[in-house]
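Q: Residue numbers (our numbering): 66 to 545. Glycine residues also receive a C-beta, built at the ideal position from the N, C-alpha and C atoms. Only a predicted model underlies this, so the values are computations on that prediction, with no experimental measurement involved.
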Amino acid sequence: MMNRRSFLKAAGAGLCLAGVKGPKALADVAPKKPNIVLVMADDQGWGDMAYNGHPALKTPHFDEMARASLRFDRFYAAAPVCSPTRGSVMTGRHPNRFGCFKWGHSLRPQEVTIAEALQIGGYTTGHFGKWHLGSVCKGSPVNPGASGFDEWLSAPNFFDNDPILSREGTAVQMHGESSTVTVDAAIEFIRKHADSPWPFLAVVWFGSPHLPHEAIEEDRALYEDQDEKRRHFYGEITGMDRAFGKLRNELRSLGIHQNTILWYCSDNGGLPGVGATGGRGNKAQIYEGGLRVPAILEWPAAIPKPRVTDVPCNTSDIYPTLLEIAGVTVDNQPPLDGVSLVPLIGGRMTSRPRPMGFWDHPTRGVSTPSKEWMASLLEAQKAGKAVDDPSRLRLDAGEITEQYSEDHFPGHAAWLDWPWKLHRIEKGDDVTIELYDLADDPLEDNDLLGQHAERVETMKAQLETWLASVVRSLNGADYK
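#1: With DSSP collapsed to three states, give me the class of G87.
#2: The beta strand (DSSP E) with N100 in it runs from where to where?
#3: Could you spell out the range, first to last residue, of the alpha helix (DSSP H) harbouring P408?
#4: Are there 16 or more other CB atoms within 10 angstroms of the CB of G164, so buried, or fewer, so exposed?
#5: Based on DSSP bridge pairs, tell me the residues matched to N379.
#6: Throw me the rounded Cβ distance for the P264 and N379 pair, which I believe falls under 8 Å.
#7: For the beta strand (DSSP E) holding R285, just list the boundary residues, first then last.
#8: According to DSSP, is E491 helix, strand or coil?
#9: By how many angstroms is the C-alpha of Y469 removed from the C-alpha of D543?
#10: For T245, which of helix, strand or coil comes out of DSSP?
#11: Between G213 and the rest of its own chain, which residues show a CB-CB distance below 7 Å, the 5 nearest in sequence each way excluded?
#12: Taking only three categories from DSSP, how would you classify I465?
#13: What's the C-alpha gap between I383 and G354?
#14: Could you have a look at V536 and say whether DSSP puts it in helix, strand or coil?
#15: What residues in its chain sit with their C-beta under 8 Å from that of K167, if we drop five residues either side in the sequence?
#16: What residue does the alpha helix (DSSP H) around Q446 start on, and which one ends it?
#17: For M421, which beta-bridge partners are listed by DSSP?
#18: Under 8 Å: do the segment 476-487 and the segment 195-211 share three or more Cβ pairs, one atom per stretch?
#19: Answer yes or no: do I498 and L508 have a C-beta to C-beta separation smaller than 8 Å?
#20: What first and last residue would you give for the beta strand (DSSP E) that runs through F193?
#21: Going residue by residue through the segment 340-408, where are the continuous beta strand (DSSP E) segments of at least 3 residues, counting only ones entirely within it?
#22: Are the CB atoms of R537 and P371 nearer to each other than 8 Å?
#23: At which residues does the alpha helix (DSSP H) containing E129 begin and terminate?
#24: Leaving out five residues before and five after A95 in sequence, what residues of the same chain have Cβ atoms less than 8 Å from its Cβ?
#25: So for I498, helix, strand or coil by DSSP?
#26: Taking Y329 as part of the beta strand (DSSP E), name the residues at either end of that continuous run.
#27: With DSSP run on the structure shown, which of helix, strand or coil describes K486?
#28: Whole angstroms are fine: how far does the CA of A504 sit from the CA of T342?
#29: Pick helix, strand or coil for D543, following the three-state DSSP scheme.
#30: In terms of residue numbering, what span does the beta strand (DSSP E) encompassing V237 cover?
#31: Under 8 Å between the Cβ atoms of P546 and G157?
#32: From this set, V104, V237, Q398, which residue's C-alpha is nearest F271's C-alpha?
#33: Helix, strand or coil: which one does DSSP assign to E522?
#34: Apart from the five residues on each side of it in sequence, which residues of its chain come closer than 6 Å, Cβ to Cβ, to D128?
#35: Is the segment 284-293 close to the segment 309-319, with three or more CB pairs under 8 Å?
#36: How many Å lie between L387 and M524 at the Cα?
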């Protein structure tokens, strides 16, 4: 049976037979669709921004964009850790639907990604930086190229200064501060395609400020009054800010910024100890501190004046929003958890049209030592050998070997129907429920479970209905 990814590729091949250049034939001739640049930090919490009130951090470029564009003050990562949230950006779906439970888990090849969908809409696509959704080796069914990216320079996980990255499956030694290396690669791609009649999608995923923190001296010097640990952490964020400013300025220098969507966010809440989460908890937790992240969207052609929104949004919304803007419809689209934010961008959305669900499954993460793996790949190339560990290709990605119960939902889940947030924590046979009013209690300190029995039952039923739908997807129902 042809899966959705095969269908998209077959559709492009059919267009070639008609004498046109692949899927770009489906693009509108005029006006040109907007270019799209998606930028994501790695472990930057909501409070890890000067514009959000951090007392020490210096983030002048982020601050300037926040003043000039659409600032999201209640934006959420779909998951409290890295790989799952990245999967939500790619698909518009909660990552548990395709088994991306924790760090190091991959996409399934059966999923349709935003890159593949936009290719059908006429976009040239590129990925730069952290991937963490599968292998970056040649021959993998889940490397960026197999997931819809025409060009890519990517790492299997976070990376530090002077990284070894994979250029379309070939390991290359890079030199420089990690965020600058990432942005320079993206700028090269953008310059190449800036004057093309076809729009581009550039996905720029930083490896900062993930541990271990290795800020360059120029950035550490800005924080002489901090301890060494924070000098490196804050310095990495400032280095990322500088690289982001370089990218933003390049769009202006090329004269394409007016009709380019530049969308920035982080992949999960802040780090314990050094990060500023802006709420209870931190990375790896479903409480606000593990999910709420900074987010800014700039698109001068559609957002001529700066605005701030407190409508709850999340990373799963990126896919349906951009597909609507690009005029792309995916046949037999599997269930989406995100909603289109086109009305919000146009100033017409004052509340979210439906609640959002979260689910941190207790399945363990998978170690992905990027530095070691890429070094061994580089050495194997020099010796003319194959990848020394074939399992890194993730050839088993997409195999559905386990069927999950639709009656039990282990781990920590939550249902956000603003301003109410209901938590469901299942451990063995025990299920704990908590209820918070985020408008009055943003730190989730005051559990109102005993005061709103009817609301609790309604939200609990809605959450469990959603969880059951996620399990059906997880078990393969969307691929039949």
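A: In terms of the structure at hand:
#1: In this prediction, G87 has a pLDDT of 32, which is less than 50 and means its spatial position is unreliable; nothing more can be read from the coordinates.
#2: 100-106
#3: Under the DSSP assignment, P408 falls in the alpha helix (DSSP H) whose first and last residues are 407-410.
#4: buried
#5: Under DSSP, N379 forms a beta bridge with Y141.
#6: That pair is no contact at about 25 Å.
#7: No beta strand (DSSP E) contains R285, which is instead part of the alpha helix (DSSP H) from 282-285.
#8: strand
#9: 15 Å
#10: helix
#11: Excluding positions up to five away in sequence, the list reads T178, A180, E181, Q184, T190.
#12: coil
#13: 21 Å
#14: helix
#15: Excluding the 5 residues flanking it on each side, K167 has same chain C-beta neighbours closer than 8 Å at V146, S148, P149, H426, T428, R429, G430, V431, in chain order.
#16: Here the alpha helix (DSSP H) through Q446 covers 435-447.
#17: According to DSSP, M421 bridges with L481.
#18: With the cut-off at 8 Å, the segment 476-487 and the segment 195-211 do not touch.
#19: no
#20: 189-195
#21: Counting whole runs of 3 or more residues, the segment 340-408 contains the beta strand (DSSP E) stretches 357-363, 372-374.
#22: no
#23: 125-133
#24: Bear in mind that a pLDDT of 36 at A95, under 50, signals an unreliable position, so the number given afterwards is only what the model happens to contain. Close CB contacts of A95 within its chain, under the 8 Å cut and outside five residues either way in sequence, are absent.
#25: strand
#26: Start and end: 325-331.
#27: strand
#28: Cα to Cα, T342 sits roughly 17 Å from A504.
#29: helix
#30: For V237, the uninterrupted beta strand (DSSP E) run begins and ends at 235-238, by DSSP.
#31: Shown here, the chain extends from 66 to 545; a query on residue 546 therefore has no answer.
#32: Taking only the C-alpha atoms, the option nearest F271 is V104.
#33: helix
#34: A115, Y116
#35: no
#36: In a straight line, the C-alpha of L387 is about 29 Å away from that of M524.
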